[in-house]
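Engineer:
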């Protein structure tokens, strides 16, 4: 660390620009023009290449130094942005009076929504009753704080990001370890590790195949969780570049691999310049007209930052992580995370989470940009973002059909539960069953990067919840069923069924309907099974409302 | 209906399509006439495809491009076929007899020599790059010619396969692991009357939720439950099973997973399923090739020839495309692996077999050199193959489909149909 600091200081660069060659720094520091750039550059590359940047620990130290000198940190102390500010700003942008917005959700719906969004499961009946009964005016805020401190919060979001990283990955399954990534991410989120650090570790990793006496061709260091981002791309430079831009900047540049995108600002060359960061050796772009012609590409980040030439591969990865994360003009980075979380929480994003074209496609741009810059000022504190959004009126509104752009964020969009959420909900009812759980996860699997409005359900999902043999046989002997059967009052029984499946009390018409069903049946036991079956098969069961 | 948030949204969203299809169900032929086809015509024209997938990549040298008497050819002899001048490997005597009905492409020029990548390439016509996943040809067929309102799934796969990519779950393969097995969760022990009551109660439950603001999801949910219920009650489900098949049919197809799988495939196609894939593994013969080939080949020889015979007898051959292929070929040079030699991965040239719908039989396309290492005549790229498949299925290969982010993507990107084998 001492050495890193020395180099950083003796080069007189702010941390972020430590990897920017002296010639580039001339713009802001005309004095440097006196030195011979070529010689200086070479020395600089030499110095950087000498840095111990091989192990993840080395890389972390270096990135930590760059982070420490990030200019935004200084600004951050003076600026406040609360959930109230968020709502004020959003209302101003939408330009409707209060009547144009959906009303505040009731406690039950809020509790279920907040639990699903943080810990990924539906609350137990007792929790629902206790929460509803509480008269504490700050109970929602307190609940959010409690949920964010639970280990399941880390696990739930680790699952989300693992799914994002691995969705449709074509990497050899023996050379990746999803679980290791999930466990690592889970730990990071639990400890409230900052998003920049998490990303930096993922992007700067350079897993290598371990040669040695006990050679295992499939050992690429995938047991080390953060290696799996790169490994999920099959270690292919082009894929790592595309996925880095897609997940961490929210932009789609993979089309630019072959041609300039007709709508986007990214050129084919830029894609290949970004790819050059991830290439272990020299990287060549194939000419699109004549495939035999190849041009050697120098690494250059999307905003034009160029590291000195001839850097070692490991150093180049640290450089790309620094350009991605710690360049304050790269507003895409913070905004991509904000937009992801926002679209998970409210059901719609400010733009398509991983395929933003021109910036003109961003809805309510000033607001999302503001939240994003605040997120940067807050040191990329993910829990800060959750608190900000979840305590807002925008998040705590009722669901409503959202048909047009002008409806966005006037209500919350009801969304499909993820496969693992449905599996958890089922497990809550019938107890652990590995086979059933895995069938549910597979059948309800959804692409976490596709907007909710573009997702669709399948017949297989319906068939599973309707007929799956283990599920059906376990439902009729479940704890809930036993408890309900023992209840003398039908009213209590119906209430318990709704609480146990949908985490809320029945509405009056639901109560009336269910009571009639029980009354008309000549087999109470079967009728109870029917009521449970109906709620498990209801749209609401697999929906976050 | 559909939000245009990024200016590149596809004209009809998937959801929109689902609604369209449910609307089609209500309006019946009215809808079809609106899009320019009569239901009758559609039914008459209904083509189908059976893909016999040889997973692991079969050796072209020991199947349809033998090189007897050369060092690379190994011990494999060739036999005469029903077409003078065309010879194939000795392991396929029954297919050889039907050479008038099948065409062979001996000059497939692949690009991927790893299983997963090759499997993807030969299922989608696209190479595996980036994060965009293309639909398997089965999903394309289901999307293009499948009746969205059909009781049964439009794409069934016996054994795992490449999925529907950006076309989504609507046209994803219904996978059945073993031939004769029903798709998962289609049967229930609940009596009909009770089931009806449950579904009625479910409808009320959902309609409350619909009013509470979840109309879009509830509508789709209702449609899916209606279709699931219809599938459960469909007489077409019998086509998945072998109970009604005659013993002689079962025997004729061969009592192997592939044989029985092809029998089920024929039943499904007869029931109206437009695309069925049957997977037969065991072709990754790095070693022990000459020990394993006779049995694997006999299985295919038997099943494939019986399938074609059966389709012809039922008058379905002209409307059913039969494809038999794997993900790539195998090295012309024989390796020296213990315990007995075999062949390794090779994508530069390999062979595929096509028959049925729109295919002229008795043709051999392309030629490899005497050592089987170079294509010396008429290379056929994977795109050319897919153009040919589209042509023979009546699918417009130039049509643009829309990715989830709204990118327009042609069904087949480039290439020319192999006109020599198109009828």
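Chains as they are written, first to last, in my numbering: chain V, 35 to 579; chain P, 788 to 1210. From the three backbone atoms N, C-alpha and C, an ideal C-beta is built for every residue, glycine too.
1) Residue 482/V versus chain P: which residues are under 8 Å apart at the beta carbon?
2) Would a check of beta-carbon distances place residue 948/P closer than 8 Å to chain V?
3) Can you tell me which of the three DSSP states residue 1116/P falls into?
4) Does the distance from the C-beta atom of residue 396/V to that of residue 385/V stay below 8 Å?
5) Let me see if you follow: with CB-CB separation under 8 Å, is residue 1012/P close to chain V or not?
6) Expressed to the nearest angstrom, what Euclidean distance is found between the alpha-carbon atoms of residue 48/V and residue 103/V?
7) Here's the rule I'm using: 16 or more other beta-carbon atoms within 10 Å means buried, otherwise exposed. How should residue 22/V be labelled?
8) Excluding the 5 residues flanking residue 1029/P on each side, which residues of the same chain have their C-beta closer than 8 Å to its C-beta?
9) List, in order along the chain, the chain P residues whose C-beta lies closer than 9 Å to that of residue 444/V?
10) If you follow the alpha helix (DSSP H) that residue 191/V is part of, which residue opens it and which one closes it?
11) Taking a cut of 9 Å between CB atoms, which residues from the segment 185-204 of chain V lie near chain P?
12) At a CB-CB cut-off below 9 Å, which residues of chain P make contact with residue 432/V?
13) Given a cut-off of 8 Å, decide if residue 985/P and residue 568/V are closer than it, judged by their beta-carbon atoms.
14) Alpha carbon to alpha carbon, what distance is there between residue 579/V and residue 998/P?
15) If contact means a Cβ-Cβ distance below 9 Å, which residues of the segment 493-504 of chain V contact chain P?
16) With which residues is residue 838/P paired in a DSSP beta bridge?
17) Within the 8 Å Cβ cut-off, does residue 1171/P reach chain C?
18) Counting only C-beta atoms, is residue 255/V closer than 8 Å to chain P at any point?
19) Going along the segment 316-337 of chain V in order, which residues come within less than 8 Å of chain P, judged by CB to CB distance?
20) Look at the Cβ atom of residue 264/V, then the Cβ atom of residue 239/V, and state whether they are nearer than 8 Å.
21) Rounded to the nearest angstrom, how far is the Cβ of residue 451/V from that of residue 576/V, given a contact under 8 Å?
22) Can you tell me the Cβ-Cβ gap for residue 196/V and residue 219/V, rounded? I've got them flagged as a contact below 8 Å.
23) Please list the partners that residue 849/P has in chain V, where partner means a Cβ-to-Cβ separation under 9 Å.
24) So, helix, strand or coil for residue 510/V, using DSSP?
25) Under the rule that 16 or more other beta-carbon atoms within 10 Å means buried, what is residue 1163/P, buried or exposed?
26) Taking C-beta pairs closer than 8 Å, name the residues in chain P that residue 411/V reaches, listed in chain order.
27) By alpha-carbon positions, which one of 552/V, 273/V, 241/V ends up nearest to residue 89/V?
28) Could you give the residue range of the alpha helix (DSSP H) that holds residue 303/V?
29) Under 8 Å: do the segment 1055-1075 of chain P and the segment 929-945 of chain P share three or more Cβ pairs, one atom per stretch?
30) State the Cα-Cα distance for the pair residue 126/V and residue 132/V, rounded to the nearest angstrom.
31) Quick one: using the 10 Å Cβ neighbour count with 16 as the cut-off for buried, is residue 1157/P buried or exposed?
32) Pick from 833/P, 1020/P, 1073/P, 945/P: whose alpha carbon is nearest that of residue 964/P?
33) Got a sec, what are the start and stop residues for the alpha helix (DSSP H) residue 1/V sits in?
34) Have a look at 1120/P, 1074/P, 1145/P, 908/P and flag the residue whose alpha-carbon is nearest the alpha-carbon of residue 1133/P.
35) Taking Cβ positions, are residue 138/V and residue 427/V nearer each other than 8 Å?
36) Might you give, ordered along the chain, the residues of its own chain that have their beta carbon closer than 7 Å to the beta carbon of residue 1083/P, omitting 5 neighbours on each side?
Structural biologist: A quick look at the data gives this:
1) By Cβ distance, chain P contributes nothing, its closest Cβ being about 12 Å from residue 482/V, past 8 Å.
2) no
3) strand
4) Contact flag set, yes.
5) yes
6) Annotation note: pLDDT 41 at residue 48/V (below 50); position unreliable, coordinate value reported separately. Those two C-alpha atoms are separated by around 6 Å.
7) Any question about residue 22/V goes unanswered here, given that chain V covers just 35 to 579.
8) 966, 967, 1037, 1047, 1050, 1051.
9) Within chain P, no residue comes near residue 444/V; the closest Cβ sits about 12 Å away, beyond 9 Å.
10) 185-200
11) Contact residues of the segment 185-204 of chain V toward chain P are 201, 202, 203, 204 (C-beta to C-beta distance below 9 Å).
12) 999, 1000
13) yes
14) Taking the CA atoms as reference points, residue 998/P sits about 12 Å from residue 579/V.
15) 493, 494, 495, 496, 497, 498, 499, 500, 501, 502, 503
16) Secondary-structure assignment with DSSP links residue 838/P through a beta bridge to 1064/P, 1110/P.
17) Of the chains in the structure shown, none is chain C; the protein chains are V and P.
18) no
19) none
20) yes
21) 5 Å
22) Contact flag correct, Cβ pair sits at about 6 Å.
23) Going along chain V, no residue has its Cβ under 9 Å from residue 849/P, so there is no contact; the nearest lies around 27 Å.
24) Three-state result, residue 510/V: coil.
25) exposed
26) What residue 411/V touches in chain P: nothing, since even the nearest Cβ is about 27 Å away.
27) 241/V
28) 302-312
29) yes
30) 11 Å
31) By the neighbour-count criterion, in which a residue is buried when 16 or more other Cβ atoms sit within 10 angstroms of its Cβ, residue 1157/P is exposed.
32) Looking at the Cα atoms, 945/P is the closest of the given residues.
33) This structure gives no information on residue 1/V, because the portion of chain V shown stretches from 35 to 579.
34) 1120/P
35) yes
36) 1069, 1070
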